[in-house]
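Protein chains in written order, with my numbering: chain A, 8 to 368; chain B, 8 to 368.
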């Protein structure tokens, strides 16, 4: 049997091994029901308890205020790109978006189908190597909300402070939800595809301020209305049961780890180790400007594309996979979400030093 | 450890035990990669092979012609209710729908948001106890397609012959896909939520005639265009990886069972056993008219609601769960999809006779 490897993939990503082991048991016989977890009716008391527990743990860990609904939806974060404007914009209505990368850009494209979109910041020309600081953009008074991507998976940039505005915030937190403390009350809506920090691909968590549900138009398809899913507690139709179950298991694991503050400390530690290695000489170069560096995705280059390829290949031979950078910027990327173990980062850092010694530029 | 029970749930439903056992192994270490199947990048060669194999097996088992695309989408069958008219209707365009139950009715409701819907048949007043025969409805010349639900899960009715029309057929086959032979070439589009005959909740299979993709409007959200997913082989965004993987495993199992004709024979056998038990006296009454009886969902009543409740409770004590009928028609329902074993049906039939003897009306 091949030993477990260190999986630096950007998503679907590594999950806690305890969660995988538990799910393997539950797959054939869930809680002594004589049925596997994926065979349970979504309306059974057993599965209802699974969903309720996942929601309860998410509320507890993120300290979600009582006036927010938690939804488990399908379609990926990409479906939120159009659901948001379909639910909250419309003829003549406006929203402000910050263009900090591929996923922001895709969200802007979809939003433009439904309303007037004000792109208040974009640094595409610098290949999205940073996020804006507070003074760099203005949010017009007519905007319904300010939309931003809190962590840019591809470029390895992250907002370290929430954008300053009196408007409510809407945010794609697919790649950093639950990685640090968050003041939910500043938000109208937060969404996150699960496959990075929350669980497997196939479910998207939406946290939405309750009063916004009254603004949802009644003439959109039933399945595309946030109100439908909020009213039915994500059970209007058959939900993605297995993915919700795994999210619940990941949240249990996170609580056992000590919760958000504990994981945030470990995330700091992991990111610091990697950025120190990058900054220790001129061999490695980080893609992101230092002030915007992501603690989830560390994108970096080596002196040449050939060395990068060699680095990725040799790392894989040493049991570290998924280090190839996104095709849009090339280079290398280490994705170190909550479930990625510190030991894996230590091992990568050792390898980085070794590789530099053995392959001078 | 509780022995495996016979799970008559309508969906999510029972799956082949071999599939569950294999998935439990793959959950912690997929094909000796040192990663669990849900940790694999959707763009990795390993996961690409998983998706390709699932598609290849589906094509082989259903004999899908080369001019059809197979898509693995999210959002459940309920999302097809609006995606179909959003992609293929529009101002002034018309389609014909047959209203044979709850799911047809929901599809009609969503379609009405996008086009002119001609409901050519409805027997809601008879509580949907049968499907129409060929002469009972007409499909107008201006209709783009004829939409029908091939098997009505709640009422236990099924089309035993394809509707007669020169128009192309669109069909919701969520609850009977792969249960019998099918002439795909009659269809423009077929869709099926996986959680009955194909796998777990979380993925919907769409089979679509290639030339229809040219009719998809370009001004709809990217994620809602069939063309997007066809062009990107269901990898435009992160797909529901685990659900696709299980579909592939279920298809392998089905192929090993002997394929469609073999499973259709077993399905006939299972359904016949149950309907014979129902018809053997006046104690049990089938909901569906004999000519429309479903081979997937057998809905029936006992002499009283009290006896039905007692029947369901005692059956559960004997290891047969999920026999409660849908709340909209009450009574009992045995869902006996492909993966439901013949032995379970035999056991239920024995219990039906025993219960009748011990609890005279």
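Backbone N, C-alpha and C define an ideal beta-carbon position, used for all residues, glycine too.
At a cut-off of 8 Å between C-beta atoms, residue 30 of chain B counts as an interface residue with respect to chain A. Close to residue 208 of chain B, with beta-carbon spacing below 8 Å, are these residues of chain A in chain order: 45, 49, 245, 246, 247, 248 and 249. Interface annotation, residue 14 of chain B: in contact with chain A, CB-CB separation under 8 Å. The C-beta distance from residue 78 of chain A to residue 213 of chain A rounds to 4 Å, short enough to meet the 8 Å contact threshold.
The stretch 198 to 205 of chain A and the stretch 179 to 186 of chain A touch, with three or more beta-carbon pairs separated by less than 8 Å. Cβ contact annotation for residue 29 of chain A (same chain, cutoff 7 Å, sequence separation greater than five): 256, in chain order. DSSP places residue 200 of chain B in the strand class (E or B) of the three-state scheme. Under a criterion of Cβ atoms nearer than 7 Å, the residues of chain B adjacent to residue 11 of chain A are, in order, 41.
A direct Cα-to-Cα measurement between residue 41 of chain B and residue 340 of chain A gives close to 20 Å. Within its own chain, the residues whose Cβ lies closer than 7 Å to the Cβ of residue 246 of chain A, once the five positions on either side in sequence are excluded, are 49 and 79, listed in chain order. Its chain contains 256, 257 and 260 as the residues whose beta carbon lies nearer than 6 Å to that of residue 26 of chain A, once the 5 sequence neighbours on both sides are disregarded; these appear in chain order. Looking at the DSSP output, residue 191 of chain A sits in no beta bridge, so it has no partner there. Beyond the five residues adjoining it in sequence on each side, residue 32 of chain A comes within less than 6 Å, by CB distance, of no other residue in the same chain.
Beta-bridge annotation (DSSP): residue 144 of chain A is not paired with any residue. Residue pairing from DSSP places residue 179 of chain B in a beta bridge opposite B:156 and B:198.
In the DSSP assignment, residue 164 of chain B forms a beta bridge with B:159 and B:300. Taking 8 Å as the CB threshold, residue 254 of chain A stays off the interface with chain B. Our two residues, residue 240 of chain A and residue 222 of chain B, have alpha carbons roughly 36 Å apart in a direct line. Of the candidates B:82, B:137 and B:61, B:82 places its Cα closest to the Cα of residue 236 of chain A.
Interface criterion not met: the Cβ of residue 233 of chain A is under 8 Å from no Cβ in chain B. At a cut-off of 8 Å between C-beta atoms, residue 117 of chain B counts as an interface residue with respect to chain A. Residues are counted here when their Cβ sits less than 9 Å from a Cβ of chain B; for the stretch 171 to 202 of chain A these are 200 and 202, given in chain order.
Membership of residue 85 of chain B in the alpha helix (DSSP H) is indicated by the continuous run 83 to 95. Residue contact with chain B for residue 226 of chain A: present (Cβ-Cβ distance below 8 Å to some residue of chain B). Annotation: the continuous alpha helix (DSSP H) that includes residue 353 of chain B extends over 349 to 365.
Here residue 278 of chain B is buried: its Cβ has 16 or more other Cβ atoms, across all protein chains shown, within 10 Å. For residue 20 of chain A, the chain B residues whose C-beta falls within less than 7 Å of its own C-beta are 46, listed in chain order. Look at the stretch 79 to 90 of chain B: the residues with a C-beta under 9 Å from a C-beta of chain A are 80, 81, 82, 83, 84, 85, 86, 88, 89 and 90. Collapsing the DSSP output to three states places residue 255 of chain B in a helix. When rounded, the separation of the alpha-carbon atoms in residue 120 of chain B and residue 225 of chain A is 11 Å. Residues of chain B with a Cβ closer than 7 Å to the Cβ of residue 97 of chain A do not exist, since the nearest Cβ in that chain sits about 14 Å away.
Neighbourhood of residue 35 of chain A in chain B, by CB distance below 8 Å: 24, 27, 28 and 31, in chain order. Under the 8 Å criterion on CB atoms, residue 326 of chain B is classed as interfacial with respect to chain A. At a cut-off of 8 Å between beta carbons, residue 229 of chain A contacts chain B. With the rule of 3 Cβ pairs closer than 8 Å, the stretch 92 to 103 of chain B counts as touching the stretch 137 to 150 of chain B. Residues of the stretch 120 to 134 of chain A with a Cβ closer than 7 Å to any Cβ of chain B, in chain order: 120.
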